[in-house]
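Asks:
Residue numbers (our numbering): 3 to 242.
(1) Which ranges does the alpha helix (DSSP H) cover as unbroken runs of at least 4 residues, wholly within the stretch 114-161, from first to last along the chain?
(2) In whole angstroms, what is the alpha-carbon distance linking residue 190 and residue 183?
(3) Pair every Cβ in the stretch 127-137 with every Cβ in the stretch 75-85, then say whether three or more of these pairs are closer than 8 Å.
(4) Counting only the same chain and skipping the five closest in sequence on each side, list residues whose C-beta sits under 6 Å from that of residue 79.
(5) Can you tell me where the beta strand (DSSP E) with residue 178 in it begins and where it stops?
(6) Got a sec? Which residues, its chain only, sit under 8 Å from residue 147 by beta carbon, not counting five neighbours each side?
(7) Would DSSP call residue 9 helix, strand or coil?
(8) Can you give me the Cβ contacts of residue 139 inside the same chain, cut-off strictly under 6 Å, excluding the 5 residues immediately before and after it?
(9) Taking only the alpha-carbon atoms, compute the straight-line gap between residue 98 and residue 14 and give it to the nearest angstrom.
(10) Rounded to the nearest angstrom, what separates residue 197 and residue 179 at their Cα positions?
(11) Can you give the beta carbon distance from residue 237 to residue 104, rounded, assuming they're within the 8 Å contact cut?
(12) Please report how far the alpha carbon of residue 118 lies from the alpha carbon of residue 23, in whole angstroms.
(13) Name the two residues that bound the continuous beta strand (DSSP E) containing residue 186.
(14) Is the stretch 216-233 in contact with the stretch 36-54, if contact means three or more CB pairs nearer than 8 Å?
(15) Nearest CA to the CA of residue 233: which residue from 39, 65, 30, 124?
(16) How long is the line joining the alpha carbons of residue 91 and residue 26, rounded to whole angstroms?
(17) By Cβ distance, which residues of its chain are closer than 6 Å to residue 41, with the 5 residues on each side in sequence left out?
(18) Which same chain residues, not among the five before or five after residue 213, have their C-beta less than 8 Å away from its C-beta?
(19) Pull up the distance between the alpha-carbon of residue 12 and that of residue 116, whole angstroms please.
(20) With DSSP collapsed to three states, give me the class of residue 39.
(21) Does DSSP put residue 29 in a helix, a strand or coil?
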């Protein structure tokens, strides 16, 4: 869509194009008119909403991360990129759960599990502000790792910066003069991390855009699968 080809647009241009591409509403009525059978099941609407919400959040996070990157605020960049990976992982996980449904003809248990997952991704919380518990992000990332090997390591490295562990405190704010037994304090993130951030920004943006563009194909197949198995799904739901 925007990051295709060997010549990559400037980050500012891509972010601008992303912002112009943001969807401002999803109308249930238009979905229902397209396929009343498929869209009487609420998981389809929830899935579309989740897709667009992740796009809004990733765009916001990437824009802020890039602004901090330009101004040399490396720790803030890393914290925001960590959040961007988490948000991208939600869409990856959503796509994989849809694929799990349509990959098996009689995947009725998978369908109802997917429906529950879509509810938790949209409405889950850890502070009990909603009635549903959030899915642990490490569970989500575990599924993402199967498609994007190495994403968990990138995430864990960013977590080390975000948390007050060795890297988050000692490496980020001190230097040791071993010869004179002196610990010097300062902000040392920029030197250690700046060279990584261009690559990380591009990696996350390309990953997210790939999943965002993959969604419509998988979603159309899910619509067809639901319409084909609607009667059996109704019976299965009544029997539970």
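Glycine included, C-beta positions come from ideal geometry on N, C-alpha and C.
Replies: Here's the rundown:
(1) Here the runs fully enclosed are 139-149.
(2) 19 Å
(3) no
(4) Only residues of its own chain outside the window of five on either side were considered, and among them 67, 70, 71, 199 have a CB closer than 6 Å to the CB of residue 79, listed in chain order.
(5) Element bounds for residue 178: 176-179.
(6) 153, 154
(7) Because the pLDDT at residue 9 is just 40, under 50, the model does not fix this residue reliably, and the value given afterwards should be weighed accordingly. Correct three-state label for residue 9: coil.
(8) Excluding sequence neighbours, residue 139 sits near 88.
(9) About 30 Å.
(10) 24 Å
(11) Not a contact, Cβ separation roughly 20 Å.
(12) 29 Å
(13) 184-187
(14) Yes, they touch.
(15) 39
(16) 22 Å
(17) Excluding sequence neighbours, residue 41 sits near 33, 34.
(18) 90, 93, 94, 97
(19) If you take the alpha carbons of residue 12 and residue 116, they lie about 37 Å apart.
(20) Reduced to three states, the DSSP call for residue 39 is coil.
(21) Per DSSP, reduced to three states, the secondary structure at residue 29 is coil, with no helix or strand assignment.
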